[in-house]
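Residue numbers (this note's numbering): 29 to 376.
Backbone N, C-alpha and C define an ideal beta-carbon position, used for all residues, glycine too.
From a predicted model like this one, the values you see are computed outputs, not experimental measurements.
Down below is the structure, laid out as structure tokens.
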Amino acid sequence: MKIHEKYIKRCLELAKNGLGTTRPNPMVGCVIVSGDLIIGEGYTSPFGGNHAEVNAINAVIDKSLLVKSTLYVSLEPCNHYGKTPPCSELIVKSKIPKIVVGCVDPFDAVSGKGIEKLKKNRCEVVLGVLEEECIALNKRFFTFHTKKRPYIVLKWAETKDGFIRPSSKRKEVSPIWITNAYSRQLVHKMRAEEQAIIVGTTTVVDDNPKLNTRDWQGESPIRLVLDANLRIPKNFNVLDGSVKTIVFTEKKKEDAENLMYKRIDFSTAIAQQICAILYELEIQSIFIEGGTQTLQTFIDANLWDEAKIFVGDVTFTKGLKAPSIIGEETSRQNVLSDTLKIIKNSHC
């Protein structure tokens, strides 16, 4: 089993190369071993491209070695036609005799069917190697398919004395920075890892944010904006059409290019309504950046999976308090003068 774990760990390392590019497909890594030598490796290409198993098999120079090799893969090979043919079919066609699988795919079109196809074709299949690690890698994908909602990441910056904004009114419309430039760049990296980003009306009106990934290479997330009464000025960044944007409102409004309006009832179960709509739109993860009311709405509904909290090296003395949250702190790191805490929801 130890040797299996060694190669599944390598699969997990490879799979991470697909972060933010494979969705709605999961990130998968694959290693092909002959004797004690890796003869092929691959990970899932950006959506529409080859899956990990195909890339790994294609990487094998001497295909005659496949008939006496073992294929390691972090997630069950697919057995259906999507953008590409089934991976299980290619594995069988390549006459690979043994397959070691990290975890079963939760997607209904795949779940168990890929493994069944391999076994029916006399392949030896080993299941559940580093299963927890393999599931954790695709936490967004698993949450979407098992809980029927997006994976939800909360993020905010607070001062050392626990405030998210100062109390004084400002004339200018621009962000107030609590954290340093390195933390802000890290936030842009986090944005690129999630499919959508959500903010409330107050945050937009006060800060006029772009909500893009200008400080990090990666695709900007879909912008989600809560604006019950359509108060956001038309010339603000979130309505500029540069990035796909969805506005949740109580008003009727016609869609425009790259701009969609979804009506919800702001008097009840806001978070639940948003999650239901995002599930229908096949949005697998959201990054909630603020403000306090929006964050607390999801916290109170217990609709969150992890929180990323930056604590800056500043104090406000008074102002708007940061959200109140209870969870398990899983990590803490310094970003120069700032501190980043990761909190996991153990009860969602």
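Straight-line Cα distance separating residue j from residue i
i, j, result
"isoleucine 119", "leucine 267", "47 Å"
"isoleucine 250", "leucine 103", "27 Å"
"aspartate 234", "alanine 297", "25 Å"
"serine 97", "glutamine 300", "48 Å"
"isoleucine 66", "lysine 34", "12 Å"
"alanine 87", "arginine 38", "16 Å"
"alanine 2", "glycine 246", "The structure shown does not extend to residue 2, since the chain is modelled only from 29 through 376, so no value can be given for it."
"glutamate 160", "glycine 269", "40 Å"
"leucine 93", "aspartate 64", "12 Å"
"leucine 158", "lysine 30", "10 Å"
"threonine 72", "isoleucine 36", "15 Å"
"aspartate 189", "glutamate 356", "21 Å"
"asparagine 286", "lysine 44", "29 Å"
"glutamate 308", "lysine 91", "42 Å"
"asparagine 263", "lysine 281", "16 Å"
"tyrosine 109", "isoleucine 260", "43 Å"
"proline 54", "glutamate 222", "13 Å"
"serine 359", "lysine 279", "42 Å"
"glycine 76", "histidine 32", "29 Å"
Chain-order list of residues whose beta-carbon lies under 6 Å from that of residue i (same chain, five-residue window excluded)
i, result
"glycine 347", "Phe191, Arg193, Pro194 and Ser195"
"threonine 241", "His216, Arg219, Ala220 and Ser248"
"methionine 288", "Ile274"
"phenylalanine 338", "Ala185, Thr207, Ser211, Asp366 and Leu368"
"threonine 171", "Tyr179"
"leucine 155", "Val129"
"aspartate 243", "Gln213 and His216"
From the options, residue whose alpha carbon lies closest to that of residue i
i, options, result
"lysine 290", "Ser102, Gly68, Phe264 and Leu254", "Leu254"
"valine 95", "Ser122, Val138, Ser73 and Glu144", "Ser122"
"proline 114", "Gly68, Leu93, Ser92 and Ala137", "Ala137"
"aspartate 293", "Thr345, Ala256, Val271 and Leu65", "Ala256"
"isoleucine 143", "Val342, Leu309 and Pro105", "Pro105"
"alanine 335", "Lys279, Phe344, Val132 and Leu323", "Leu323"
"glycine 204", "Val342, Asp64 and His32", "Correcting the residue identity first, residue 204 is isoleucine in this sequence and not glycine. For isoleucine 204, the nearest C-alpha among the options comes from Val342."
"leucine 99", "Glu81, Asn149 and Phe326", "Glu81"
"glutamine 361", "Glu285, Gly340 and Pro351", "Gly340"
"leucine 252", "Lys272, Ser352 and Phe344", "Lys272"
"threonine 320", "Glu308, Gln312 and Lys349", "Lys349"
"glycine 140", "Ser359, Asn149 and Asn107", "Asn107"
Contact set for residue i: own chain, Cβ-Cβ below 7 Å, skip 5 residues either direction
i, result
"aspartate 283", "Tyr289"
"glycine 318", "Trp184, Val227, Gly228 and Thr231"
"glutamate 310", "Pro52"
"threonine 277", "Asp255, Ala256, Leu258, Tyr289 and Arg291"
"asparagine 78", "Thr112"
"glycine 68", "Ile60, Ala84, Ile85, Ala87 and Val88"
"threonine 187", "Ile206, Gly340, Val342, Thr343 and Phe344"
"asparagine 265", "Asn236, Pro237 and Lys238"
"threonine 325", "Ile298 and Ala299"
"arginine 329", "Just to set this straight, residue 329 is alanine in the shown sequence, not arginine. Result list for alanine 329: Ala299 and Gln300, in chain order."
"glutamine 312", "Arg51, Pro52, Arg168, Phe169, Phe172, Pro178, Tyr179 and Gln223"
Delimiting residues of the beta strand (DSSP E) encompassing residue i
i, result
"lysine 126", "126–131"
"isoleucine 274", "273–277"
"tyrosine 179", "179–186"
"cysteine 58", "57–62"
"glutamate 334", "334–339"
"phenylalanine 191", "191–194"
"asparagine 149", "Unbroken run through asparagine 149: none, as it is neither H nor E."
"arginine 251", "250–254"
"glutamine 312", "Unbroken run through glutamine 312: none, as it is neither H nor E."
"glutamine 361", "356–363"
C-beta atoms of residue i and residue j nearer than 9 Å
i, j, result
"phenylalanine 85", "glycine 70", "Strictly speaking, residue 85 in this sequence is isoleucine, with phenylalanine absent from that position. For isoleucine 85 and glycine 70, yes; Cβs fall inside 9 Å."
"valine 181", "isoleucine 316", "yes"
"leucine 42", "valine 61", "no"
"proline 237", "threonine 229", "no"
"isoleucine 226", "isoleucine 314", "yes"
"proline 74", "threonine 49", "yes"
"leucine 258", "arginine 177", "no"
"serine 116", "leucine 165", "no"
"cysteine 162", "leucine 40", "yes"
"valine 56", "valine 101", "yes"
"isoleucine 327", "serine 295", "no"
Sequence-distant residues of its chain with Cβ nearer than 8 Å to residue i (five each side left out)
i, result
"glutamate 152", "Pro125, Lys126 and Ile127"
"aspartate 333", "Lys167, Thr171, Tyr179, Ile180, Val181, Lys372, Asn373 and Cys376"
"valine 363", "Thr207, Asn208, Tyr210, Ser211, Leu214 and Phe338"
"proline 134", "Phe169, Phe170, His173 and Thr174"
"leucine 331", "Arg177, Ile180, Ala299, Gln300, Cys303 and Cys376"
"asparagine 149", "Val120"
First and last residue of the uninterrupted alpha helix (DSSP H) at residue i
i, result
"glutamine 324", "320–328"
"valine 233", "229–235"
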